[in-house]
Amino acid sequence: MNRSFPLLLVATLGGLLPMIDSASAQTWTQTGAPNNNWTSVASSADGTMLVAVANGGGIYTSTNSGTTWTLATNAPHSFSVQWTSVASSADGTKLIASALNYPIYTSLDSGITWATNNVPASAWYSVACSADGARLAAVRFPGVGNVFLSTNSGATWFSNSVPSNDRHFITMSADGTRVVAITQVGGIYTSTNSGATWLTNNAPSLGWSTIASSADGTKLVAAVLDLGGPSYPGTIFSSTNSGASWHSNNVPAKGWSSVASSADGTRLIAT
């Protein structure tokens with residue numbers, strides 16, 4: 026889920042940088058988190074509860090907006106573990122994290138303890154969480170049942186398949202009913218019933234790299250890698266009707282890797 030936060034986090038190779046001035050984005054301060062190969066960060070709605078994962082560095086949480094961080098020792102944290110994605114409920118108590126060739130991990134106590142569940146160890150690439158933390162979604166490298174969903178904070182899961190096309194990335198609305206999955210290379214797939222069924226749309230088949238949603242799921246933004254050739258033009262597309270139609274934007278061709286949206290979908294950021 027993507028929300029409007031007073032604290033914006035950017036994952037970098039050298040560390041975690043929280044934005045102090047969310048209006049102008051002119052002042053940045055590095056946190057006390059260790060230098061790491063950070064791959065994903067998530068925040069509570071008020072910006073005080075943070076969670077971050079690293080490729081070969083474990084899961085870290087903060088309860089004071091990034092001033093101090095704690096490594097989750099009851100989740101895998103060896104150099105060989107490649108954490109890929111993390112998501113948080115609005116209050117920061119319910120968390121979900123994914124890694125390559127490991128099960129999905131969930132926490133119900135702001136990251137103090139973590140547990141696996143009955144999803145298989147796989148090449149998990151992206152996770153999403155509703156505002157209340159009850160509805161979860163995870164996508165993995167192509168195979169049978171590429172999209173896994175839960176309606177009870179990860180206690181049980183069911184799978185649905187979208188076409189197998191390389192890596193998958195996922196986002197959802199605040200209530201968890203609208204879910205959007207993208208493939209690389211492939212199309213964009215939407216669901217209005219928490220992933221029970223899926224629809225395709227007229228989005229072009231491109232090298233999609235990232236997707237974000239407004240709180241109600243009506244406004245979407247998706248970006249494409251810039252690797253040369255017609256499938257990787259490095260563009261950004263947006264939708265104002267829950268993915269029924271898409272239009273490109275006048276941004277320069279870049280290797281876009283991440284996008285985020287405010288709750289109302291009017292303010293967007295891309296890296």
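With the numbering used here applied, the sequence shown covers 26 to 296.
For glycine and all other residues, C-beta sits at the position ideal for the given N, C-alpha and C.
Setting aside the 5 residues that flank it on each side, Leu161 is surrounded in the same chain by Ile121, Cys154, Ser175, Gly179, each with a C-beta closer than 6 Å to its C-beta; the list follows chain order. The beta strand (DSSP E) runs lying completely inside the stretch 103 to 166 and spanning 3 residues or more are 108 to 113, 120 to 127, 130 to 132, 147 to 154, 161 to 165, given in chain order. In terms of Cα proximity to Pro229, the closest of Asp241, Ala148, Ser264, Asn126 is Ser264. Note on Arg292: under 16 other CB atoms within 10 angstroms of its CB, so exposed under the neighbour-count rule.
Within a 10 Å sphere around the beta-carbon of Thr181 sit fewer than 16 other beta-carbons, which makes this residue exposed. In this structure, the CA atom of Ser113 is about 13 Å from the CA atom of Trp139.
Comparing alpha carbon positions, the residue from Ala199, Thr93, Lys119 closest to Thr243 is Ala199. Note that the C-beta distance between Ser65 and Val106 is not below 7 Å. Secondary structure of Asn99 (DSSP, three-state): coil.
Nearest C-alpha to Ala148 among Val204, Tyr214, Val172: Val172. Taking Gly201 as reference, the option from Gly253, Val152, Ala79 with the minimal CA-CA separation is Val152. Note: Trp233 is bridge-paired with Val249 in the DSSP secondary-structure output. Assignment of Tyr85 by DSSP, reduced to helix, strand and coil, places it in the strand class.
Ranked by Cα distance from Gly259, the first of Ser267, Val249, Asn266 is Val249. Within the same chain, Cβ atoms closer than 7 Å to the Cβ of Gly212 are found at Thr225, Ala228, Ser230, the five residues on either side in sequence being excluded. Within 10 angstroms of the beta-carbon of Asn185 lie 16 or more other beta-carbons, which makes it buried.
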